[in-house]
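Accompanying notes for the structure given below.
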Amino acid sequence: MTLRDASVQAAAAWSNFWRARNKRERSFLLAAIFVCLLGATYALLIEPALTQRAALQKSLPLLRQQTVQMQQLAQQATQLPAAPQSASDEFTRDTLEISLKSLGLVAEKINVSDRSAQLEFASAPLASLLTWLELAQTQGLSVTETDMQVLTNADRVKATVTLTKQ
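Add 262 to a position in the sequence shown, counting from 1, and you land on the number used in the numbering used here.
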């Protein structure tokens, strides 16, 4: 039996079923079919959309807050100090002091030679120091040696850092 034969046979069966019903039964059947179609439409199309909309409305304030935070971080990132740009840029005590100062860091001692520098910090904020070291590495300096000791205040360190030009 082909699909066409099956559809013709089903249409004939439905037609016989429908003709066998009186007008009142047909009305009830049409009303039941209509209610079933409404229920299916609601369950398959409307309810999922409403549920998703409510979920999105709940998450929207958090997403907006995260967007503002990301914009603030991006703005802060553009304002971060630049370490020496490359090996051809100046590598002096002054340039190091300026880049350190912009992150609130002060080195107790800075020894600079033509290709390297050694910085000593008596009490530096760890987060700022790590940020500065990361910036220095992205700007053409390599950290060749570090010695850090955590002070009694856990967010501060005593450190000695050696940098070289790449």
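In this text, a Cβ means the ideal position worked out from N, Cα and C, and glycines have one as well.
Close Cβ partners of residue i (< 7 Å) along its chain, the five nearest in sequence each way excluded
| i | result |
| --- | --- |
| Leu365 | Pro343, Ser390, Thr393, Trp394 |
| Arg377 | Thr426, Lys427 |
| Val368 | Leu362 |
C-beta atoms of residue i and residue j nearer than 7 Å
| i | j | result |
| --- | --- | --- |
| Ala421 | Ala398 | no |
| Leu425 | Val405 | yes |
| Leu388 | Asp417 | yes |
Residue i to residue j span [Cα, whole Å]
| i | j | result |
| --- | --- | --- |
| Leu322 | Glu309 | 20 Å |
| Leu292 | Ala268 | 24 Å |
| Asn373 | Gln338 | 30 Å |
| Ala317 | Gln334 | 26 Å |
| Thr400 | Glu407 | 17 Å |
| Cys298 | Lys285 | 20 Å |
| Leu307 | Leu300 | 10 Å |
DSSP state of residue i mapped onto helix, strand, coil
| i | result |
| --- | --- |
| Met263 | coil |
| Phe383 | strand |
| Asn373 | strand |
| Leu342 | coil |
| Gln421 | Going by the sequence as given, residue 421 is Ala instead of Gln. Reduced to three states, the DSSP call for Ala421 is strand. |
| Leu367 | coil |
Chain-order list of residues whose beta-carbon lies under 8 Å from that of residue i (same chain, five-residue window excluded)
| i | result |
| --- | --- |
| Arg283 | Leu291 |
task = Would you check if there are 3 or more beta carbon pairs closer than 8 Å linking the segment 369-389 to the segment 411-421?
result = yes
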